[in-house]
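K.L.:
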Amino acid sequence: MSDAIDYLLQARPEAMQPYFSFLKQSGKKLDPKTRALISVISKVHGRTERGFRQYLTRALRVGCSADEVLDALLAAFPMIGLSGLIWATDILLDMDLPEFKPEALGSEPQWHTVGRIDEIDDGVSRLACDNRELFIYRNGDVIKVYDSRCPHQVTNIPQLALSDCTLTCPKHEWQFDISTGECIAKGNRPLTEFEHKIEDGRLLAYW
Ligand code: FES
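Following the working numbering, the numbering of the sequence shown begins with 1 at its first residue and continues without gaps.
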């Protein structure tokens with residue numbers, strides 16, 4: 001929430017709270033993906049960059065594909081116009097999300113080979129794999145594979161953000177315990193963990 005909204009909620013709660021109740025109630029009968037896509041379009045229409053980034057992240061989190069987001073933007077063309085479409089696309093390019101890369105569009109989730117399991121040491125490694133970057137946590141047989149993108153606003157968290165078992169996103173300083181993925185400070189969502197398996201001596205992850 002913006003500082004302005006925080007201020008108005010404090011200064012005029014009787015005026016602002018009904019507005020938030022309305023927002024909560026509206027769209028209740030819509031499925032989460034449709035709600036999220038409508039929110040994305042409303043942020044493009046209002047040219048609210050922070051809101052666009054936030055609701056785009058939410059749309060991906062509730063299961064929208066990159067193709068669905070692009071189709072929603074194109075379908076909203078009569079409302080957002082070419083300038084809105086370009087504005088949103090520029091932000092998408094700046095966010096550099098793996099699922100929006102042209103070669104990734106249209107692809108179904110699948111298993112990816114991360115590396116040979118005997119080459120992954122105990123501790124935390126940061127590896128690139130098929131257009132994505134990953135944090136791998138290993139403690140003997142316990143293995144976790146996380147997306148390096150922050151669950152808040154998809155910042156690509158660098159290796160330098162790791163101190164012992166604590167990963168701190170440089171953007172808004174959400175902190176995560178890399179051994180569990182749990183968010184331990186500032187935020188309220190865990191790291192995105194990918195399903196994994198070991199096959200023929202290779203670590204595979206699914207996204
Ligand atoms: S993007 Fe906001 S804490 Fe990571």
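All residues carry an ideal CB built from backbone N, CA and C; glycine is no exception.
(1) Any heavy atom of the ligand FES closer than 8 Å to the Cβ of residue 157?
(2) Since I believe residue 165 is in contact with residue 147 (beta carbons under 8 Å), could you give me their beta-carbon distance rounded to a whole number of angstroms?
(3) Run the proximity test for residue 51: is its beta-carbon closer than 8 Å to any non-hydrogen atom belonging to the ligand FES?
(4) Compute the Euclidean distance between the alpha carbons of residue 9 and residue 19, then round it to the nearest angstrom.
(5) What residue range is occupied by the uninterrupted beta strand (DSSP E) comprising residue 28?
(6) Using DSSP with H/G/I as helix, E/B as strand and the rest coil, what is residue 81?
(7) Looking at the unbroken beta strand (DSSP E) that takes in residue 104, where does it start and where does it end?
(8) Measure the Cβ-Cβ separation of residue 134 and residue 205 and say whether it is below 9 Å.
(9) How many Å lie between residue 108 and residue 15 at the Cα?
(10) Are there three or more Cβ pairs, one per stretch, closer than 8 Å when the region 43 to 52 is compared with the region 75 to 94?
(11) Grab the span of the beta strand (DSSP E) containing residue 53 for me, first residue to last.
(12) With a threshold of 8 Å, establish whether the CB of residue 172 neighbours any heavy atom of the ligand FES.
(13) Under 8 Å by Cβ, that's how I've got residue 151 and residue 190 pegged, so tell me the actual separation to the nearest angstrom.
(14) What are the residues that DSSP puts in a beta bridge with residue 199?
(15) Roughly how many angstroms separate the alpha carbons of residue 99 and residue 21, rounded to a whole number?
(16) Could you work out which residue in 183, 106, 162 and 130 is closest to residue 124 when comparing CA atoms only?
(17) Measuring only the C-alpha atoms, how far is residue 104 from residue 69?
(18) The ligand FES and residue 187: does the residue's C-beta get closer than 8 Å to at least one heavy atom of that ligand?
P.N.:
Quick look at the numbers:
(1) The residue labelled residue 157 in the question sits at position 157 within the sequence shown. Closer than 8 Å to some heavy atom of the ligand FES: that describes the Cβ of residue 157.
(2) In the sequence shown, counting from the first residue as 1, residue 147 sits at position 147. In the sequence shown, counting from the first residue as 1, residue 165 sits at position 165. Between residue 165 and residue 147 the Cβ distance is about 17 Å, and since that is not below 8 Å, they are no contact.
(3) Position 51 of the sequence shown, counted from the first residue, corresponds to residue 51. Not so, every heavy atom of the ligand FES lies at least 8 Å from the Cβ.
(4) Here residue 9 corresponds to residue number 9 of the sequence shown, with the count starting at 1. Here residue 19 corresponds to residue number 19 of the sequence shown, with the count starting at 1. When rounded, the distance between both Cα atoms is 10 Å.
(5) Stepping through the sequence shown from its first residue, residue 28 is reached at position 28. That residue, residue 28, is in no beta strand (DSSP E); it is neither H nor E in DSSP.
(6) What you label residue 81 is simply residue 81 of the sequence shown in a count that begins at 1. Helix.
(7) As a working note, residue 104 is residue 104 in the sequence shown. Neither: residue 104 is in no beta strand (DSSP E) and is coded neither H nor E.
(8) The residue labelled residue 134 in the question sits at position 134 within the sequence shown. The residue labelled residue 205 in the question sits at position 205 within the sequence shown. Cβ distance < 9 Å, so residue 134 and residue 205 count as in contact.
(9) The sequence position of residue 108 within the sequence shown is 108, counting from 1. The sequence position of residue 15 within the sequence shown is 15, counting from 1. Spanning the two alpha carbons is a distance of roughly 46 Å.
(10) Yes: the two stretches touch, three or more of their Cβ pairs being nearer than 8 Å.
(11) Here residue 53 refers to the residue found at position 53 of the sequence shown. Counting along the chain, residue 53 falls outside any beta strand (DSSP E), though it belongs to the alpha helix (DSSP H) covering 49 to 61.
(12) As a working mapping, residue 172 is identified with position 172 in the sequence shown. It does: the Cβ of residue 172 is within 8 Å (strictly closer) of some heavy atom of the ligand FES.
(13) Position 151 of the sequence shown, counted from the start, is the residue given in the question as residue 151. Position 190 of the sequence shown, counted from the start, is the residue given in the question as residue 190. At roughly 7 Å, the Cβ-Cβ gap stays under 8 Å, so residue 151 and residue 190 are in contact.
(14) The residue given as residue 199 occupies position 199 in the sequence shown. Residue pairing of residue 199 in beta bridges, as defined by DSSP: 202.
(15) Taking the sequence shown and counting its residues from 1, the one referred to as residue 99 is at position 99. Taking the sequence shown and counting its residues from 1, the one referred to as residue 21 is at position 21. Taking the straight line joining both Cα atoms gives about 34 Å.
(16) By 1-based counting over the sequence shown, the position of residue 124 is 124. Residue 162 is the option with its Cα nearest to residue 124.
(17) For the purposes of this step, residue 104 is identified with residue 104 of the sequence shown, where counting begins at 1. For the purposes of this step, residue 69 is identified with residue 69 of the sequence shown, where counting begins at 1. In this structure, the CA atom of residue 104 is about 14 Å from the CA atom of residue 69.
(18) Counted from its first residue, the sequence shown places residue 187 at position 187. Residue 187: yes, Cβ under 8 Å from the ligand FES.
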